[in-house]
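Under the numbering used here, think of the first position of the sequence shown as 1, with each following residue one higher. Below: one structure, written as structure tokens.
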Amino acid sequence: MKKLNVTIQLEMTVPDDWELADTSEGTPVIKLPDGKFMDIAIEPLFATDPEDLWASTEDEDVLDDILDMVDSEAVTYEFVTH
Numbered sequence: 001m002k003k004l005n006v007t008i009q010l011e012m013t014v015p016d017d018w019e020l021a022d023t024s025e026g027t028p029v030i031k032l033p034d035g036k037f038m039d040i041a042i043e044p045l046f047a048t049d050p051e052d053l054w055a056s057t058e059d060e061d062v063l064d065d066i067l068d069m070v071d072s073e074a075v076t077y078e079f080v081t082h
């Protein structure tokens, strides 16, 4: 097996009342104003033709197999002021 590094970077315009929070393990998450928390992470998408519509899988076993291949995951959040 070989390693595949995937880096995800998103720039988003979000409501002013969103906040950053850490879990008990120190993992950063986003605190939403309705008392919920959100984490943004990778979700595998599949297609039978790369030019056609891509979609997530309904097959939990396939998703579990893909997620089992992940050795570690790191997502960083930072508010940027212009």
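Cβ coordinates follow ideal geometry from the N, Cα and C atoms, glycine included. Note that the coordinates shown come from a computational prediction; the quantities given were computed from them, not determined experimentally.
In this structure, the CA atom of glutamate 60 is about 30 Å from the CA atom of leucine 20. Per DSSP, the unbroken alpha helix (DSSP H) holding valine 62 starts and ends at 60–68.
The C-beta separation of aspartate 17 from proline 33 comes to about 4 Å, placing the pair in contact by the 8 Å criterion.
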